[in-house]
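Below you can see the structure in the form of structure tokens.
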């Protein structure tokens, strides 16, 4: 498969590049500052995601586009840039003719009770609210998309650099509610996030819907 990964140098993006390339995908790794390395099955490209025509040209001919774009958690304009970036990428994917689009959002929009999303609980970290709110709002935007075979992925509630389980290749999936383990935690390593996304790209089990994964 030919796979384009946007945000390829980020926390999730780097893991995605490694996982997809290890499976033999021909990976186009798109980043603001692409790596100057010679990696098997990986071609690094610098493309402005806000230039729809240029990005569409880069994406054309791929089987699937995976977006791990994040303007940065400390970016004071994270909400506006996250929404604008997601919309621009979505439009570029449509222009490119690629039908399969996987967007990696956040866990904040997962429902932990009837009508209650994680982001709206008192315990949700304020420093992540703007970015998580952007992901939630983009989920509502992409739900209106009828032409693309899109998927919105919400990672486990605990999916951050401190999770050191590495790649196990094992996970369980859900839709709009978090997946919890026996200890009541929703947890996943970034390596297994990449496994879940690569499995979805290859097997296409979800269509125009959100899903999540955790141990």
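In the UniProt record's numbering, the protein residues as written are 1 to 215.
Beta carbons are placed, not taken as given, at the ideal position from N, Cα and C, and that holds for glycine.
Everything numeric in this text was worked out from a predicted model, so none of it was measured.
Under the DSSP assignment, residue 149 falls in the beta strand (DSSP E) whose first and last residues are 149–154. Looking from the CA of residue 43, the closest CA among 4, 106 and 141 belongs to 4. Put simply, the stretch 138–149 does not touch the stretch 175–189. Fewer than three CB pairs are less than 8 Å apart. Beta bridge pairing from DSSP links residue 22 with no other residue. In this structure, residue 92 lies near residue 52, with their beta-carbon atoms less than 8 Å apart. Scanning the stretch 129–194 for uninterrupted alpha helix (DSSP H) segments of 4 residues or longer gives 129–142, listed from N- to C-terminal end. Residue state for residue 205 is assigned as coil, using DSSP reduced to three classes. Leaving aside the five residues that flank residue 94 on each side, the residues in its chain whose CB is nearer than 7 Å to its CB run, in chain order, 147 and 148. Burial state of residue 73 is exposed, judged by a 10 Å Cβ sphere holding fewer than 16 other Cβ atoms.
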